[in-house]
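Taking our numbering, I'd label the letters of the sequence shown as residues 390 to 659.
Where is the CB? At the ideal position from N, CA and C, for every residue including glycine.
Written out below as structure tokens is the structure these notes cover.
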Amino acid sequence: MNYEVVIIGGGAAGLSAGLMLTRARRSVFVVDGAEPRNKPAPHMHNYLSRDGLSPLELLKHGRAEVEGYGGEIVNDDVRAVSRTDGGFSVELSGRVVTAQRLLFATGMVDEVPDNLRERWGRDVFGCPYCHGYEVRDQKLVVFGEEMKVALVRQWSADVAHVPSVDGIEVEDDRLVAVISGSDRVPADALVYSAPVKPRDELLLALGAETVETMAGPFVRTDDKGRTSVPGVYAAGNVTDPTAIVIVAAAQGAQAAGMINMDLLGLVPGA
Ligand SMILES: Cc1cc2nc3c(=O)[nH]c(=O)nc-3n(C[C@H](O)[C@H](O)[C@H](O)COP(=O)(O)OP(=O)(O)OC[C@H]3O[C@@H](n4cnc5c(N)ncnc54)[C@H](O)[C@@H]3O)c2cc1C
Numbered sequence: 390m391n392y393e394v395v396i397i398g399g400g401a402a403g404l405s406a407g408l409m410l411t412r413a414r415r416s417v418f419v420v421d422g423a424e425p426r427n428k429p430a431p432h433m434h435n436y437l438s439r440d441g442l443s444p445l446e447l448l449k450h451g452r453a454e455v456e457g458y459g460g461e462i463v464n465d466d467v468r469a470v471s472r473t474d475g476g477f478s479v480e481l482s483g484r485v486v487t488a489q490r491l492l493f494a495t496g497m498v499d500e501v502p503d504n505l506r507e508r509w510g511r512d513v514f515g516c517p518y519c520h521g522y523e524v525r526d527q528k529l530v531v532f533g534e535e536m537k538v539a540l541v542r543q544w545s546a547d548v549a550h551v552p553s554v555d556g557i558e559v560e561d562d563r564l565v566a567v568i569s570g571s572d573r574v575p576a577d578a579l580v581y582s583a584p585v586k587p588r589d590e591l592l593l594a595l596g597a598e599t600v601e602t603m604a605g606p607f608v609r610t611d612d613k614g615r616t617s618v619p620g621v622y623a624a625g626n627v628t629d630p631t632a633i634v635i636v637a638a639a640q641g642a643q644a645a646g647m648i649n650m651d652l653l654g655l656v657p658g659a
């Protein structure tokens, strides 16, 4: 099957692009591994008009909107991508499709230690803008980056910093951070910036260039989502580690507009 646009990743960035492109009457195929980064969190914040909605509920609505305009969405992982004459070949499990343009909206992974994973996105989190208000004025423990203490104090005056945490226990329904095997610091929530890794293997295999960011090398795009590889676009956390959901969605829409102009042959140098 040949599509005008194949979107790899159906989180906020990918679905937002899908909505704009299907409404522009493009044939769109979205392949989604269905593992959005904020899946562990029960609520999503800072998305104007949808503050507090569950992250999965947002994507359910987004999928329905894209499908309502004729977009196809499948749950699958793209295994490989290669250039063909005039486009790209996209390999899913047991099936290959072709595309004239590609948008990568594959997000990034938080490398959360196993001992914190169960509470990640709940009372252990990295983004105070996303979760801080819910634990305002409570006892917060920041571990790792000390510079984050000043930021977290905006939400509570009761903030402690510890360099690392060996594990977490729960006593009387309250978190206890265990430090160096014996020291114990009770907390209502822990703030921890996990290292992040973009899901960019397929983009790099196509030859996309990267740029150094505070979170390490990320695929470089212009402000319309164009990568260094003609016909290949990227939006959301795969290219921008700071993009919250509404920003990822906006980047998807920006890329969609540019992809549409590119398909019309109206982008100089594309
Ligand atoms: C715990 C937590 C809570 C957060 N809470 C908030 C919040 O409250 N508000 C907020 O604004 N931001 C929040 N964020 C940030 C938010 O998760 C990101 O802004 C958002 O997920 C970025 O959207 P995206 O579309 O770029 O990537 P994602 O949402 O991560 O979507 C990427 C999609 O691509 C798929 N994919 C990856 N590789 C492939 C492949 N090879 N083939 C097919 N599909 C693939 C994945 O399975 C996934 O479904 C939170 C982050 C975390 C970690």
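Quick one, which of the options has its alpha-carbon nearest residue i's?
i           : options            : result
residue 448 : 612, 419, 582      : 419
residue 455 : 399, 469, 507, 487 : 399
residue 545 : 579, 555, 626, 599 : 579
residue 392 : 462, 402, 405, 451 : 462
residue 490 : 503, 529, 396      : 396
residue 434 : 603, 521, 596      : 521
residue 619 : 444, 597, 632      : 597
residue 511 : 422, 605, 414, 443 : 443
residue 627 : 403, 577, 460      : 403
residue 582 : 527, 654, 514      : 514
residue 450 : 408, 487, 573      : 408
residue 436 : 390, 401, 600, 422 : 401
residue 572 : 561, 470, 475, 556 : 556
residue 633 : 411, 440, 412, 525 : 440
residue 503 : 529, 473, 636, 554 : 554
residue 516 : 495, 422, 541      : 541
Ligand 1 heavy atoms versus the CB of residue i: any closer than 7 Å?
i           : result
residue 544 : no
residue 591 : yes
residue 429 : yes
residue 645 : no
residue 473 : no
residue 420 : yes
residue 648 : no
residue 433 : yes
residue 424 : yes
residue 436 : yes
residue 514 : yes
residue 510 : yes
residue 625 : yes
residue 402 : yes
residue 568 : no
residue 496 : yes
residue 632 : yes
residue 635 : yes
Note down, in chain order, each residue of its chain lying with its Cβ closer than 8 Å to the Cβ of residue i, except the 5 sequence neighbours on either side.
i           : result
residue 698 : Any question about residue 698 goes unanswered here, given that the chain covers just 390 to 659.
residue 647 : 613, 614, 615, 622, 656
residue 481 : 420, 463, 465, 466, 467, 468
From the beta carbon of residue i, is the nearest beta carbon of chain B less than 8 Å away?
i           : result
residue 596 : Checking the listed chains, one finds no chain B in this structure; it contains a single protein chain.
Looking only at its own chain, which residues have a Cβ that is under 6 Å from the Cβ of residue i, when we skip the five neighbours before and after it?
i           : result
residue 563 : 575
residue 415 : 393, 394
residue 600 : 609
residue 577 : 524, 527, 528
residue 509 : 429, 501
residue 411 : 417, 455, 458, 459, 460
In its own chain, which residues sit with a C-beta less than 7 Å from the C-beta of residue i, not counting the 5 before and 5 after it?
i           : result
residue 558 : 565, 567
residue 644 : 406, 492, 613, 614, 622, 624
residue 661 : The question about residue 661 has no answer here: the residues shown for the chain are numbered 390 through 659.
#### Entry: Inter-stretch contact (C-beta, 8 Å, three-pair minimum) for the region 588-604 and the region 559-570
no
### Query
Are there three or more Cβ pairs, one per stretch, closer than 8 Å when the region 421-437 is compared with the region 494-509?
yes
### Query
Are the region 604-620 and the region 636-649 touching by the rule of at least three beta carbon pairs closer than 8 Å?
yes
### Message
Check whether the region 456-468 and the region 598-611 are in contact - that is, three or more C-beta pairs closer than 8 Å.
### Response
no
### Message
Does the contact criterion of 3 or more C-beta pairs under 8 Å hold for the region 549-558 versus the region 522-539?
### Response
yes
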